[in-house]
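Undergrad: Same order as they appear, the protein sequences are chains B and U.
The letter at position 60 of the first sequence is residue 111 when you use our numbering, and the numbering goes up by one with no holes.
The letter at position 140 of the second sequence is residue 142 when you use our numbering, and the numbering goes up by one with no holes.
All C-beta atoms, glycine included, are put in the ideal place defined by N, C-alpha and C.
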Amino acid sequence: MLLLEKSTYYSVHQSETKRLFHVDFGQKVVKLNFCQMLALREKVNAIQLDLLFDSEVNKHGLHMLTLCNNEHLFVLSIEQVIDLVRLVHNSFAAMGLSQKYVPVSL
Amino acid sequence: MKDIARQQLSIQVESMDLLNNQIKMEAHASATYLAMASWCEQNGFFTSAKFFFKQSEEEREHMMKIFHFLVDVGGNPISPEVTGINHEFSSILEVFESALEHEVKVTESIKNIVKKARQSLDITTERFLDWFILEQVEEENTVRDIVDMIELTGMEGVGKQMIDDKVADWIE
Ligand SMILES: [Fe+2]
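1. How would you write the range of the alpha helix (DSSP H) that residue 58 of chain U sits in, first residue to last?
2. Which same chain residues, not among the five before or five after residue 48 of chain U, have their C-beta less than 8 Å away from its C-beta?
3. How would you write the range of the beta strand (DSSP E) that residue 57 of chain B sits in, first residue to last?
4. Comparing the C-beta of residue 131 of chain U with each C-beta of chain B, is any distance below 8 Å?
5. Cβ closer than 9 Å: which chain B residues qualify as neighbours of residue 114 of chain U?
6. Beta-carbon within less than 6 Å of residue 144 of chain U's beta-carbon, same chain only, minus the 5 sequence neighbours each way: which residues are those?
7. So residue 80 of chain B and residue 118 of chain B are supposed to be a Cβ contact under 8 Å. How far apart are they, rounded?
8. Does residue 118 of chain B get closer than 8 Å to chain U when you measure Cβ to Cβ?
9. For residue 62 of chain B, tell me which candidate among B:131, B:149, B:148 has the shortest Cα-Cα distance.
10. Comparing the C-beta of residue 99 of chain B with each C-beta of chain U, is any distance below 8 Å?
11. Would you say residue 10 of chain U lies against chain B (beta-carbon separation less than 8 Å)?
Given below as structure tokens:
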């Protein structure tokens, strides 16, 4: 297993035997193929961070994230969301498919 | 180690995002031209309506071209949401002027993707957009010529019918 990226709460490893990525969410490790990684990136990009911070819209300050056609469900705090955004972007940078590297800022 | 990621996707993810955005823009253009066709039909500009029906189809073809490209490179094309289509125009000149404005926006957007693709050495995306750059020259030119024609003809008196008839020159 090759470590692609590690953030405060999460990490992404690339399997050396299968065409899979292992995303460690803390509570559980989710195995994603590349398309599912792209889908995760799309989900993360769609999160409107400013709305998360808006206590009128988001009273509890939590975000629900579903993966793989609702097979997995995660409830994330704002801090975890920001951490995940960074993890996902940096994973794609580590794969050589993105120019955007988000430095650790939390 | 096998480079799984590169084996699956042959463009940069940032290019993919910009192309998904372009898909949205082409879909919006297609819907906008449909609204213009509707306006033309309701206001007696039947040839112009035909022109916009055809433009609307072309924009959808542009959208599909990008959509299929994203499929081909192993990306994640997103079916676009289209909202906020304007149906109100005060004159046929305004219809064509806003069509021109729209085309200019599309051109600038495509150029921006080329620029970003070039910066990230994403040659695949850059080359793919060559066709769009040239297509935009045509599109802009066509609508610009029609706007010029309307201004020359003038919208008073017989102008209205003459204008509409002349639009036929730009329908291939
Ligand atoms: Fe177009």
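TA: Let's see:
1. 48-74
2. Cβ-Cβ distances below 8 Å link residue 48 of chain U to 42, 166 in the same chain, with the five nearest sequence neighbours on each side left out; the list follows chain order.
3. 53-57
4. no
5. None at all; the shortest Cβ gap to chain B is about 15 Å.
6. 172
7. Between residue 118 of chain B and residue 80 of chain B the Cβ distance is about 12 Å, and since that is not below 8 Å, they are no contact.
8. So no, residue 118 of chain B is outside the interface.
9. Considering only alpha carbons, the answer is B:131.
10. no
11. yes
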